[in-house]
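This report concerns only the one structure given below.
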Amino acid sequence: MSKFISGTILSLFLFLSLSLNAREIEHMRVIWQENPSHEAYIAWTTKGPIPTGRNRVYFDTVSRGGEPGKYTMQKKAFLQKPYSYSFSMLHAVKLKDLKPNTTYYFVIRSGKDKTKEFHFKTAPKNESFELLFGGDSRSDRTMRREMNMLMKQMFQANPNIYALVHGGDYIANGFSWKQWKAWMDDHQLTTTDEGRVLPIIPTRGNHELSRALFNDIFIYPGNIIRPNYYTTKIGDFSLINLNTNWVAGGPQKWWLKKELKKAAKSSKWIVANYHRPAYPAVKKAGRAKKHWVPLFEDYQVDIVFESDGHTLKRTAPIYRDKVNFERGITYVGEGGLGVKQRNPKRKDEWYFQSPGYAVSAHHVMKLRVESEKMIYSVHTANLKLFDQMEIFPRNRK
Amino acid sequence: MQRFTLKLSLALCLLGQLFLAFSYGTTINGFQFLLLDFSDSFATSIDMLLCLGVAIATIALLFYSNFKYAAYFISAWFITLGITKTVLHGSFGWEVATLAYGARYMLPLVIYFYAINQKEKAIRLAQFGIALTFVGHGIEAMMLHPGFLDYMYDFSEVYLGIIPTQNIVETTLFFIGMLDILVGFAVIFNRNKYLLWWLAFWGILTAGSRLTYHGMEGWYEFILRSPHYLLPIFLYQTRRYRLTSFKFLKAKDQVPCQSLSAEQS
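Those protein sequences? They're chains A and B, same order as listed.
Note that my numbering numbers the first sequence so that position 190 is 190, with each residue one more than the last.
With the second sequence counted from 1, adding 1000 to any position gets you my numbering.
Printed below as a string of structure tokens:
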């Protein structure tokens, strides 16, 4: 009996010692949710299941060369817990009261380990900006890494890109920590050589079946009351991120109506983003078609981003299930950030008539938001510009 | 009459399922394309070939109910649909997809065994099929399947004119799930007429919710679920047939203890 007890204590001691020493910081990411002009989450992973020592982010508006003591601001991790289904540790810091359109330099310190200096830029209030859009980075890691490097090239060449809006289906099995870990490792490839981090605005896809891990990784977007649906507001621009993995009607629809009403008054631009398409190129239409599309039309949303189909598509402008160039809404996307691309089986549907199309191509989309217009563009895997369209402010009266 | 019920169910179920498969492909396609790394066109060809095979097998089984290989082929196809759905992790309730398809993959076997006069085996398989489907859907309901919640919100708003609170809808669905699991287990051991009426009623109501939600566009969703309500009706029709024991699986040719008058005639 005594041997058993001493054995258990020894094992526990060894386990704890290993945990305490294994402090390597990885999976550093910046997450934007509702108010990216003033707030951002910085999250990271350490090995071992127990949080020890100081877990903080040191930050400043000027570069301090990565020496924690030189930064004028610091913030303690408010969230420290093991990731669901894993023994690795999640740490997250919420930076608040940030200045818009400002570069923040930061280092992360966990125990004795610290990172080099990284930086990100908060969203602007009035100036023009660009966002990358794309979805479905699952199932083909090699291609995902290629697409991430392509995004890095775009990001490096164009400082006016601020963040990536990921349309969901990051990985194939939402319960697999191993797959999430690989995705977060690969996301590091989007960081520029100068250390500028590409923040993520997350959307939940159908493969993120485990709400727990998705929430751990992206720090509870929409919080507990609104499971993974929320609005990202950047000046005059409202990006409404919806969750097609949850009830489309009921509370989400009621919230969407309220949100659109508010955005129609306060924003020049309204953009919707979600995973399962209402006007698909491959599969059946999702529940968004019944519950959200009529609201998008009533409140004249400017453009809608969809994922899931593993193709590249752009619909003709649609209003009340007909092509309408005056009041119609264009649905773009379908997911090409790595996943193997399909033949768009429904490319002959009425909604793909010119200027619409549905093709098979890995792609990343970009939306440039200016005061007078928005410019939507698509780049394929060879960085070639595939499509471009201008969007002008709508008359919402 | 029993045979008609079974064949009607098979015809409706396969018509709906094959319409869906030919229109949008199946999870067998996704499995080949994403996990086996087959090309899209090759995966689609295999998928469509299988669908064609199932269509031919269905017609064969409708005319020659004792065509064993047709029954086994259709059943295996449905089981594969369930398993590939589970493996692909792409939809809510993927963990229980193979359970939820129970009535569908048992149906061809029920037809076959009933045709070769192994009625006890046919009835037991029908009982298991319904049980699996109700337990599978019960688990999905208790997990608060978003699709089911949408049906409930929609039905309540459009047909009852009531806007329910989230709590009410979720609690109701949770209890519906519990009840589904209870009746699912009950039907394995009991063919009480009230239980079978309930199963048939609930089967048609839940299948019908696809019509109330999607309108007539949901016709195939409604008919492909016909085993959920027609298999309980089949069990009701064969209720007077006394079952011996669970050893039926070993039996080659069961002699019915008491045949139904309709079958005798």
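Every residue, glycine too, gets a C-beta built ideally from N, C-alpha and C.
Cβ separation of residue i and residue j, assumed to be a contact under 8 angstroms, to the nearest whole Å
{"i": "G1093 of chain B", "j": "M1048 of chain B", "result": "Not really, about 26 angstroms apart at Cβ, beyond 8 angstroms."}
{"i": "Y1114 of chain B", "j": "L1006 of chain B", "result": "6 angstroms"}
{"i": "H400 of chain A", "j": "M147 of chain A", "result": "Outside the displayed span of chain A (1 to 397) sits residue 400 of chain A, for which this structure offers no information."}
{"i": "I391 of chain A", "j": "M374 of chain A", "result": "4 angstroms"}
{"i": "A1060 of chain B", "j": "F1067 of chain B", "result": "5 angstroms"}
{"i": "A1097 of chain B", "j": "V1110 of chain B", "result": "That belief does not hold up - the Cβ atoms of A1097 of chain B and V1110 of chain B are roughly 21 angstroms apart, past 8 angstroms."}
{"i": "A123 of chain A", "j": "P36 of chain A", "result": "4 angstroms"}
{"i": "F1031 of chain B", "j": "T1084 of chain B", "result": "4 angstroms"}
{"i": "Y1105 of chain B", "j": "F1078 of chain B", "result": "4 angstroms"}
{"i": "H1145 of chain B", "j": "A1100 of chain B", "result": "10 angstroms between Cβ atoms; not a contact."}
{"i": "R109 of chain A", "j": "P68 of chain A", "result": "5 angstroms"}
{"i": "W255 of chain A", "j": "R226 of chain A", "result": "6 angstroms"}
Interface partners of residue i on chain A, CB under 8 angstroms
{"i": "V1096 of chain B", "result": "Per Cβ cutoff of 8 angstroms: no residues; V1096 of chain B is ~12 angstroms from chain A at best."}
{"i": "H1089 of chain B", "result": "A172, N173, G174, F175, H207 and L209"}
{"i": "F1073 of chain B", "result": "Result: empty, since nearest Cβ-Cβ is about 25 angstroms, beyond 8 angstroms."}
{"i": "F993 of chain B", "result": "Because chain B spans 1001 through 1265 in this model, residue 993 of chain B falls outside it and cannot be assessed."}
{"i": "S1041 of chain B", "result": "N343"}
{"i": "P1108 of chain B", "result": "Residues of chain A passing the Cβ test: none, with the nearest at roughly 25 angstroms."}
Per DSSP, cross-strand counterpart(s) of residue i
{"i": "Y41 of chain A", "result": "A:I31 and A:K94"}
{"i": "W269 of chain A", "result": "A:F237"}
{"i": "Y376 of chain A", "result": "A:L367 and A:M389"}
{"i": "F120 of chain A", "result": "A:Y104"}
{"i": "T46 of chain A", "result": "A:I25 and A:M89"}
{"i": "P202 of chain A", "result": "A:H166"}
{"i": "Y319 of chain A", "result": "A:K322"}
{"i": "P82 of chain A", "result": "A:M89"}
{"i": "R196 of chain A", "result": "A:H119"}
{"i": "K313 of chain A", "result": "A:G333 and A:A358"}
{"i": "M73 of chain A", "result": "A:F59"}
{"i": "R109 of chain A", "result": "A:R56 and A:K114"}
{"i": "I1176 of chain B", "result": "Note: I1176 of chain B sits in no beta bridge, so no partner."}
{"i": "V304 of chain A", "result": "A:A272 and A:Y331"}
{"i": "E1170 of chain B", "result": "Paired residue(s): none; E1170 of chain B is not in a bridge."}
{"i": "T232 of chain A", "result": "A:L239"}
{"i": "Y161 of chain A", "result": "Reading off the sequence, residue 161 of chain A comes out as Ile, not Tyr. In the DSSP output, where bridge partners are listed per residue, I161 of chain A has A:E130."}
Chain B residues whose Cβ lies nearer than 8 angstroms to that of residue i
{"i": "R396 of chain A", "result": "Going along chain B, no residue has its Cβ under 8 angstroms from R396 of chain A, so there is no contact; the nearest lies around 26 angstroms."}
Interface residues of chain A facing residue i [CB-CB closer than 7 angstroms]
{"i": "Q1166 of chain B", "result": "G250 and P251"}
{"i": "L1149 of chain B", "result": "V247 and G250"}
{"i": "D1154 of chain B", "result": "G249"}
{"i": "Y1024 of chain B", "result": "K283 and K284"}
{"i": "F1038 of chain B", "result": "Near F1038 of chain B there are no residues of chain A at all, since even the closest Cβ is about 10 angstroms away, more than 7 angstroms."}
{"i": "F1222 of chain B", "result": "Those do not exist, as F1222 of chain B stays about 15 angstroms from chain A at its closest Cβ, beyond 7 angstroms."}
Cross-chain neighbours of residue i in chain B, by beta carbon under 7 angstroms
{"i": "S128 of chain A", "result": "None at all; the shortest Cβ gap to chain B is about 37 angstroms."}
{"i": "S307 of chain A", "result": "Those within 7 angstroms of S307 of chain A in chain B number zero; the least Cβ separation is about 13 angstroms."}
{"i": "A139 of chain A", "result": "According to the sequence as given, residue 139 of chain A is Ser; it is not Ala. What S139 of chain A touches in chain B: L1034."}
Residues that residue i contacts on chain A, provided the C-beta gap is smaller than 9 angstroms
{"i": "Y982 of chain B", "result": "Missing from the structure shown is residue 982 of chain B; chain B here goes from 1001 to 1265 and no further."}
{"i": "T1232 of chain B", "result": "In the sequence as displayed, the identity of residue 1232 of chain B is Pro instead of Thr. Within chain A, no residue comes near P1232 of chain B; the closest Cβ sits about 28 angstroms away, beyond 9 angstroms."}
{"i": "F1019 of chain B", "result": "Within 9 angstroms Cβ-Cβ: nothing; F1019 of chain B doesn't reach chain A, min ~11 angstroms."}
{"i": "F1063 of chain B", "result": "The premise fails here: F1063 of chain B is roughly 32 angstroms from chain A at the closest Cβ pair, so nothing lies under 9 angstroms."}
Can you confirm whether the region 239–255 of chain A touches the region 138–147 of chain A when touching is taken to mean that 3 or more C-beta pairs between the two stretches lie within less than 8 angstroms?
Contact between the region 138–147 of chain A and the region 239–255 of chain A is absent: fewer than three C-beta pairs spanning the two stretches fall below 8 angstroms.
Any residues in the region 246–257 of chain A with a beta carbon nearer than 7 angstroms to a beta carbon of chain B? Which ones, in chain order?
Cβ contacts with chain B: W246, V247, A248, G249, G250 and P251.
Check whether the region 1230–1240 of chain B touches the region 1126–1133 of chain B, counting contact only when three or more Cβ pairs, one atom from each stretch, lie closer than 8 angstroms.
Yes: the two stretches touch, three or more of their Cβ pairs being nearer than 8 angstroms.
Would the region 90–99 of chain A and the region 127–141 of chain A be scored as touching if the rule is three or more Cβ pairs under 8 angstroms?
Counting C-beta pairs closer than 8 angstroms gives fewer than three between the region 90–99 of chain A and the region 127–141 of chain A, which falls short of the contact rule.
At a CB distance below 7 angstroms, what residues from the region 280–291 of chain A approach chain B? Give them in sequence order.
Correct list: K283, K284 and R287.
For the region 1169–1193 of chain B, enumerate the residues whose C-beta is nearer than 8 angstroms to any C-beta of chain A, in chain order.
Those would be V1169, in chain order.
Can you find at least 3 beta carbon pairs, one from the region 272–288 of chain A and one from the region 304–319 of chain A, that sit closer than 8 angstroms?
Taking a cut-off of 8 angstroms for Cβ pairs, the region 272–288 of chain A and the region 304–319 of chain A touch, as three or more such pairs fall below it.
Taking 8 angstroms as the threshold, find out whether the region 159–177 of chain A comes into contact with the region 190–204 of chain A through three or more Cβ pairs.
The region 159–177 of chain A makes contact with the region 190–204 of chain A: 3 or more CB pairs, one atom from each, lie closer than 8 angstroms.
State whether the region 336–347 of chain A contacts the region 1034–1041 of chain B, with contact taken as three or more CB pairs (one from each stretch) at a distance under 8 angstroms.
Cβ pair count under 8 angstroms is three or more, so yes.
Please confirm if the region 24–36 of chain A is in contact with the region 219–232 of chain A, defined as three or more CB-CB distances below 8 angstroms between the two stretches.
Yes, the region 24–36 of chain A is in contact with the region 219–232 of chain A.
Are the region 286–304 of chain A and the region 1189–1204 of chain B touching, with three or more C-beta to C-beta distances below 8 angstroms?
The region 286–304 of chain A is not in contact with the region 1189–1204 of chain B.
Assess contact between the region 1153–1172 of chain B and the region 1128–1142 of chain B, defined as three or more Cβ pairs (one per stretch) separated by less than 8 angstroms. Is contact present?
With the rule of 3 Cβ pairs closer than 8 angstroms, the region 1153–1172 of chain B does not count as touching the region 1128–1142 of chain B.
Would you list, in chain order, the members of the region 1126–1149 of chain B that have their beta-carbon closer than 8 angstroms to a beta-carbon of chain A?
Of all residues in the region 1126–1149 of chain B, the ones placed with a Cβ closer than 8 angstroms to any Cβ belonging to chain A are P1146, G1147 and L1149, in chain order.
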